[in-house]
Amino acid sequence: SAAKDKDLRSLMEGVTLNNVGWEAVKDHDKVGLVVTGGVGSKLSLGFETLSTSVNTVTLMAMKSYGDEWYGSEIEVCLFRGKDNEEAIFKKVISGYHKSQTSVSYTYNFKLDDDKSFVEGEYLKLD
13 SAAKDKDLRS LMEGVTLNNV GWEAVKDHDK VGLVVTGGVG SKLSLGFETL STSVNTVTLM
73 AMKSYGDEWY GSEIEVCLFR GKDNEEAIFK KVISGYHKSQ TSVSYTYNFK LDDDKSFVEG
133 EYLKLD
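Letter by letter, the sequence shown follows residues 13 to 138 of the working numbering.
What follows is the structure, encoded as structure tokens:
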């Protein structure tokens, strides 16, 4: 329903620091964030004063096929603190695969002990 992507937009408002080219959409009964601005799009999320320690970050990303998706990728970066420019974690995720269907993949990024976030810290995800 239209309410689901509206709910996602509402939820994202509380954590979005910067959004250039990303949009909450519903496509084939799946609600998610999609790059609509092409190359150079950027989304930054901030999580103020964590209420629990974080040692794993989990993302779900869809891969698809065809020319539109060929070569597509996102770079995921984690930062400790709101203004820190030095990422403690980086990973590139491809948006393309050869299978003739779109598939959601789950990525679990386990942080080393010295890079885990402790309760009360600020986590930024780009």
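Ideal Cβ placement from N, Cα and C applies to all residues, glycine included.
Here the structure is a predicted model, which is why all the values come from computation and not from measurement.
Beta-carbon contacts of residue i that lie in its chain and below 7 Å, excluding the five residues immediately before and after
i, result
"Ser-111", "Tyr-77"
"Trp-81", "Gly-107, Tyr-108"
Option nearest residue i by Cα separation, candidates the options
i, options, result
"Asp-138", "Cys-89, Val-51, Arg-21", "Cys-89"
"Lys-38", "Glu-80, Val-46, Val-32", "Val-46"
"Thr-118", "Met-24, Glu-87, Asp-79, Thr-70", "Thr-70"
"Gly-132", "Met-24, Phe-59, Glu-25", "Phe-59"
"Leu-55", "Asn-96, Ser-22, Asn-31", "Asn-31"
"Glu-97", "Leu-135, Asp-41, Ala-73, Asp-79", "Leu-135"
"Ser-53", "Glu-87, Gly-44, His-40, Lys-42", "Glu-87"
"Asp-126", "Thr-61, Val-51, Arg-92, Lys-16", "Arg-92"
Counterpart residues of residue i in DSSP-defined beta bridges
i, result
"Glu-85", "Ser-106"
"Glu-60", "In DSSP, Glu-60 forms no bridge with anything."
"Glu-35", "Val-46"
"Asn-120", "Thr-70"
"Lys-16", "In the DSSP output, where bridge partners are listed per residue, Lys-16 has none listed."
"Thr-28", "Leu-57"
Close beta carbons around residue i, own chain, < 8 Å, minus the five adjacent residues each side
i, result
"Thr-68", "Asn-120, Phe-121, Lys-122, Leu-123"
"Thr-64", "Glu-131"
"Ser-128", "Ser-65, Val-66, Asn-67"
"Gly-49", "Val-32, Gly-33, Trp-34"
Collapsed DSSP secondary structure at residue i in the structure displayed
i, result
"Lys-94", "coil"
"Ser-76", "strand"
Spatial neighbours of residue i in its chain, beta-carbon cut-off 6 Å, leaving aside the 5 residues before and after
i, result
"Ser-84", "Gly-107, Tyr-108"
"Leu-23", "none"
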